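All the letters of the sequence shown, read from the start, carry residue numbers 1 to 260 under the working numbering.
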Amino acid sequence: MKTPRWLTVHGDTLLKDAQKEIGRIVEQPARRAFLQRSLTLGGLSMLSGCVIVDENSAETALKKISQFNDTVQGWLFDPNRLAPTYPESTITRPFPFNAFYGESQVQVIEEEGYRLEVTGMVADKHAWTLAELRAMPQTDQVTRHICVEGWSAIGKWGGVPFAYFLRRIGADLSAKYVGFKCADDYYTSIDMPTALHPQTLLTLTYDGQTLPPRYGFPMKLRMPTKLGYKNPKHIQAIFVTNTYPGGYWEDQGYNWFGGS
Ligand SMILES: Nc1nc2c(c(=O)[nH]1)N[C@H]1C(S)=C(S)[C@@H](COP(=O)(O)O)O[C@H]1N2
Ligand SMILES: [Mo]
Numbered sequence: 001m002k003t004p005r006w007l008t009v010h011g012d013t014l015l016k017d018a019q020k021e022i023g024r025i026v027e028q029p030a031r032r033a034f035l036q037r038s039l040t041l042g043g044l045s046m047l048s049g050c051v052i053v054d055e056n057s058a059e060t061a062l063k064k065i066s067q068f069n070d071t072v073q074g075w076l077f078d079p080n081r082l083a084p085t086y087p088e089s090t091i092t093r094p095f096p097f098n099a100f101y102g103e104s105q106v107q108v109i110e111e112e113g114y115r116l117e118v119t120g121m122v123a124d125k126h127a128w129t130l131a132e133l134r135a136m137p138q139t140d141q142v143t144r145h146i147c148v149e150g151w152s153a154i155g156k157w158g159g160v161p162f163a164y165f166l167r168r169i170g171a172d173l174s175a176k177y178v179g180f181k182c183a184d185d186y187y188t189s190i191d192m193p194t195a196l197h198p199q200t201l202l203t204l205t206y207d208g209q210t211l212p213p214r215y216g217f218p219m220k221l222r223m224p225t226k227l228g229y230k231n232p233k234h235i236q237a238i239f240v241t242n243t244y245p246g247g248y249w250e251d252q253g254y255n256w257f258g259g260s
């Protein structure tokens with residue numbers, strides 16, 4: 001596939017903004033379905049610079065646009081720019097629960113016997129108990145969680161700065177991806193610059209208390225720079241890799257970078 005025509009014109013900011021907006025639209029399955037219905041295939045070819053003859057090639061073209069958008073979001077990501085933080089008085093109570101199943105099906109994981117597995121491009125493959133993780137330096141933050149389903153909420157999460165943890169396990173920081181496997185069969189992966197962002201937290205607490213099951217006990221990865229679905233709960237294993245790991249929603253068409 002050729003580079004989309006509307007991106008090759010020149011480095012005009014307005015064009016880049018338009019590209020970002022189109023990217024956002026095509027990344028959301030509901031809106032994408034709408035786009036597929038309302039745009040003629042010819043119109044889609046105009047967007048993608050490809051000849052699109054059927055629904056399948058439309059799907060492929062949209063996937064290509066989304067991948068291209070991952071690259072652009074990666075370029076635009078500023079590792080030093082902080083997401084907004086909020087006063088504790090603005091915390092949303094009760095904080096919403098969300099998962100690909102209902103709240104009655106939340107996994108209840110026992111602390112006894114739990115170990116956080118670490119594999120892939122890391123020097124130290126020791127599996128961690130919660131007590132060991134709690135003994136590491138902790139910090140907390142009040143930030144906004146934004147879900148693509150159309151809600152956002154402010155919450156307070158505490159835990160180990162993920163950059164500290166990655167250095168502690170001797171992760172190869174030049175690797176492309178950090179992947180997560182969760183106890184509920186959810187999985188996702190992130191780019192290394194986001195993994196090293198100062199607000200990315202290996203989260204052990206919610207609102208000053210041990211992370212409750214519904215918010216991801218024993219731990220979640222909290223990133224105020226990314227949309228809700230990129231923040232894995234009930235993490236069982238973390239791996240560092242150069243092989244694209246995808247994700248539960250990402251493999252169904254949600255944009256992989258998922259910046260907020
Ligand atoms: N393990 C796991 N993590 C997950 C999900 C899930 O279904 N399982 N859902 C994601 C989505 S879409 C959202 S919006 C947030 C919701 O987190 P909350 O329940 O703390 O609000 O978790 C994310 N992480
Ligand atoms: Mo979400």
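Glycine included, every Cβ here is placed at the ideal spot set by N, Cα and C. No experiment lies behind these values; they were computed from the predicted model shown.
Apart from sequence neighbours up to five positions away, the residues of its chain that approach A195 with a beta-carbon distance below 7 Å are F162, L166, V178, ordered along the chain. Rounded to whole angstroms, T92 and T243 show a C-alpha spacing of 37 Å.
Per DSSP, the continuous beta strand (DSSP E) segment holding T205 begins and ends at 201-206. Distances taken from the Cβ of N231 to the heavy atoms of ligand 2 include none shorter than 6 Å. Where G159 is concerned, the enclosing beta strand (DSSP E) starts and stops at 151-161.
Counting every other CB atom within 10 Å of its CB across the protein chains shown gives N80 a total below 16, marking it as exposed. Residue pairing by DSSP places V240 opposite G120, V178 in a beta bridge. Secondary structure of Q138 (DSSP, three-state): coil.
Exclusion of N80 from the 6 Å shell around ligand 2 follows from its C-beta lying no nearer than that to any non-hydrogen atom of the ligand. Counting C-beta atoms within 10 angstroms of its own C-beta, S189 has 16 or more neighbours from the protein chains shown and is therefore classed as buried. Short of 6 Å from the beta carbon of V106, and not among the five residues preceding or following it, lie these beta carbons of its own chain, in chain order: P213, R214. Across the structure, I146 and S152 are spaced so that their CA atoms are roughly 4 Å apart. T85 counts as exposed, since fewer than 16 other beta carbons sit within 10 angstroms of its beta carbon.
Closest by C-alpha distance to D185, out of G170, H234, G208, is H234.
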